[in-house]
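Enquirer: For the sequence shown, the positions run 264 to 344 when the numbering used here is used.
First, the structure itself, so that you have it in front of you.
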Amino acid sequence: LLQEELSRLKSFSTMYRNKSYEDYEGISKYEWETLWQYYDALYDALSNALQSDATLSDDVWDLDDDWWVKDGATVAADVDE
């Protein structure tokens with residue numbers, strides 16, 4: 264799954280990386296640069312995950328909507344550890 268996403272990102276980059284924000288109406292230079300900063304961070308994160316020896320798991324998706332609530336407390340200050 265991660266490899267497929269990495270391939271999709273590479274394809275996106277190949278199509279758009281060498282273009283300018285001026286090629287697209289309604290997008291600012293700041294938005295264009297921010298998009299590529301996000302892209303670089305996501306690409307690096309996925310690449311590092313694939314290259315690591317860590318076992319990847321989908322366990323987080325098994326958690327319910329209130330996984331972060333402990334004993335009815337919704338802020339860290341309310342949780343006695």
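Cβ coordinates follow ideal geometry from the N, Cα and C atoms, glycine included.
Since we're looking at a predicted model, the values are computed, not measured.
In angstroms, rounded to a whole number, what distance separates the CA positions of ASN311 and ARG271?
Expert: About 16 Å.
Enquirer: Which residues in the same chain as LYS292 place their Cβ atom closer than 6 Å to its Cβ, once the five residues preceding and following it in sequence are excluded?
Expert: Cβ neighbours of LYS292 beyond the five flanking positions: TYR284.
Enquirer: Let me make sure I understand the geometry here. Which of LEU265, GLN266, LEU298 has the alpha-carbon closest to that of SER276?
Expert: If we check each option's Cα against that of SER276, LEU298 comes out closest.
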